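J.:
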Amino acid sequence: MFPTIGDVHLAPFTDEQLYMEQFTKANFWYQPSFHGVDLSALRGAAVDEYFKQPVVDTFDIRILMAKSVKYTVNFLDAKETDLHRIEIPFSFHMLHSGLVHGLAFWFDVAFIGSIMTVWLSTSPTEPLTHWYQVRCLLQSPLFTKAGDTLSGTVLLIANKRQSYDISIVAQVDQTGSKSSNLLDLKNPFFRYTGSTPSPPPGSHYSSPSENMWNTSGGYSMNTGMAMGGMPTAYDLSSVIAGSSGISHSNLIPLGEQQAVACSPASLRPEPQDLRHGTSSNTTISILS
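Going letter by letter, the sequence shown gives residues 1 to 288 in the UniProt record's numbering.
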């Protein structure tokens, strides 16, 4: 049976940017007069709808606030009906203080053969696959401190659309704070961009600007070329000097043009132009 074993991992995460991005989408429905129509009564339903969407993208692993909990399915033994309702209890020992904005999910599957076992992983620590990772937000984030316990249940119930309805209930045991959400796995928000995910705030323990100049590979200001893994930059001195090596892809090409040199004095208008208040006959002398 391939895959033979499947491990579903889940872990709490903090991501203020993602949370506010989803929350502010509903602000359109906060308008009291949209072409004369009051939409504000629909804002609550709009917030519920946006937070029902699981977010499909990838993320920096430093947003995870605790070690993941694993739920294993042995496909050699599991029956089809076992997958109609999947209940995953969890208890996280929080490693960091902050707001828990939701739970992140990914999976690993094992192909156990007669000679060797091969694993396929969608973990955020592994090369990206087309499955990415999935994050489920809580409408009401939970504040936890390092050392607290976050416990609760994730319930996946199969629906007739060949997918799952997801129910999440989470509670901070030390404070009693509780939050829950219902999500529709069939209606995800595909957020991936292909770019490297940004690290969470507070990830820099030294000045990034100083590190740029002190990088072991060095940084060339004359050529604008990157060394030591630093990003490339324009060399302003070559732009000012009129270097032909600088190209701007967002400009319309004008074809081959012969370079000319202009004397500053040659750009002054003739006296008759000043008398008549016009510069239509201004002459420019070209230096050979």
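Virtual Cβ for every residue (Gly too), placed ideally from N, Cα, C.
Note that the structure is predicted; figures quoted are calculated from it, not measured.
I'd like the span of the beta strand (DSSP E) that includes residue 85, first residue to last.
T.: Indexing the sequence shown from 1 puts residue 85 at position 85. 85-93 is the extent of the beta strand (DSSP E) around residue 85.
J.: Could you name the residues of the same chain whose beta carbon sits closer than 6 Å to that of residue 84, not counting the 5 residues immediately before and after it, in chain order?
T.: As a working note, residue 84 is residue 84 in the sequence shown. Excluding residues within five positions, the ones whose Cβ falls inside 6 Å are 158.
J.: On a CA-only basis, which of 76, 28, 68 is nearest residue 88? Give me that one, please.
T.: The residue labelled residue 88 in the question sits at position 88 within the sequence shown. For residue 88, the nearest C-alpha among the options comes from 68.
J.: Put residue 44 into one of helix, strand or coil per three-state DSSP.
T.: Locating residue 44 in the sequence shown gives position 44, counting from the first residue. Correct three-state label for residue 44: helix.
J.: From the DSSP output, which residues share a beta bridge with residue 119?
T.: Walking along the sequence shown from the start, residue 119 turns up at place 119. Answer by DSSP bridge pairing, in chain order: 110.
J.: Output needed for residue 191: all residues of its chain with C-beta closer than 6 Å, excluding positions within five of it in sequence on either side, in chain order.
T.: The residue labelled residue 191 in the question sits at position 191 within the sequence shown. If we look at residue 191 and ignore the five residues flanking it on each side, its Cβ neighbours are 55, 57.
J.: Does residue 31 come out as helix, strand or coil in the three-state DSSP assignment?
T.: Within the sequence shown, the letter at position 31 stands for residue 31. Three-state DSSP puts residue 31 in coil, outside helix and strand.
J.: Can you tell me whether residue 115 is buried or exposed? The criterion is at least 16 other CB atoms within 10 Å of its CB, across all chains shown.
T.: In the sequence shown, residue 115 corresponds to position 115, counting from 1. Under this definition residue 115 is an exposed residue.
J.: Please determine, among 205, 188, 196, 200, the residue with the shortest C-alpha to C-alpha distance to residue 49.
T.: As a position in the sequence shown, residue 49 is number 49, starting the count at 1. With distances taken between Cα atoms, residue 49 lies closest to 188.
J.: Around the C-beta of residue 249, are 16 or more other C-beta atoms found within 10 angstroms, so that it is buried, or is it exposed?
T.: Along the sequence shown, one-based indexing puts residue 249 at 249. Below a pLDDT of 50, predicted positions are generally treated as unreliable, and residue 249, at 42, falls in that range; the measurement from the model is reported next regardless. Exposed.
J.: Suppose the cutoff is 7 Å on Cβ atoms and the five residues either side in sequence are ignored; what does the same chain contact list for residue 197 look like?
T.: Locating residue 197 in the sequence shown gives position 197, where the first residue counts as 1. The residues are 58, 59, 60.
J.: Taking the alpha-carbon of residue 51 as reference, which of 203, 180, 195, 206 has the nearest alpha-carbon?
T.: Within the sequence shown, numbered from 1, the residue matching residue 51 stands at position 51. Scanning 203, 180, 195, 206 for the CA closest to the CA of residue 51 turns up 180.
J.: For residue 74, which of 2, 96, 45, 16 has the nearest alpha-carbon?
T.: One-based indexing of the sequence shown puts residue 74 at position 74. Nearest of 2, 96, 45, 16 to residue 74, Cα basis: 2.
J.: Residues in its own chain within less than 7 Å of residue 20 by CB, not counting five upstream and five downstream?
T.: Residue 20 sits at position 20 when you count from the first residue of the sequence shown. Hits under 7 Å: none found.
J.: Looking at residue 164 and residue 185, is the spacing between their C-beta atoms short of 8 Å?
T.: Indexing the sequence shown from 1 puts residue 185 at position 185. Indexing the sequence shown from 1 puts residue 164 at position 164. Cβ atoms of residue 185 and residue 164: closer than 8 Å.
J.: By the DSSP assignment, the alpha helix (DSSP H) with residue 187 in it spans what residues?
T.: Locating residue 187 in the sequence shown gives position 187, where the first residue counts as 1. DSSP places residue 187 in no alpha helix (DSSP H); its state is neither H nor E.
J.: Taking DSSP as the reference, what is the three-state secondary structure of residue 23?
T.: Taking the first residue of the sequence shown as position 1, residue 23 is located at position 23. In the structure shown, residue 23 falls within a helical segment according to DSSP collapsed to helix, strand and coil.
J.: If I measure Cβ to Cβ from residue 172 and keep anything under 7 Å in the same chain, skipping five residues before and after, which residues do I get?
T.: Taking the sequence shown and counting its residues from 1, one reaches residue 172 at position 172. Around residue 172: 142, 144, 148, 150.
J.: Quick one: complete beta strand (DSSP E) runs, 3+ long, within the region 152-212?
T.: 164-172, 178-184
J.: Can you give me the start and stop residues for the beta strand (DSSP E) that residue 71 sits inside?
T.: Position 71 of the sequence shown, counting from 1, holds the residue named residue 71. Taken as a continuous stretch (DSSP letters only), the beta strand (DSSP E) holding residue 71 covers 69-74.
J.: Per DSSP, what are the beta-bridge partners of residue 13 in this structure?
T.: Translated into positions along the sequence shown, residue 13 becomes position 13. DSSP, once it has assigned bridges, lists 64, 102 as partnering residue 13.
J.: So, for residue 121: in the same chain, excluding its five sequence neighbours on each side, which residues have a beta-carbon less than 6 Å away from its beta-carbon?
T.: Looking up residue 121 in the sequence shown gives position 121. Around residue 121: 108.
J.: Assess contact between the region 122-141 and the region 32-43, defined as three or more Cβ pairs (one per stretch) separated by less than 8 Å. Is contact present?
T.: no
J.: Under 6 Å Cβ to Cβ from residue 112, same chain only, skipping five residues before and after it: list those, please.
T.: The residue you call residue 112 lines up with position 112 of the sequence shown. Result list for residue 112: 4, in chain order.
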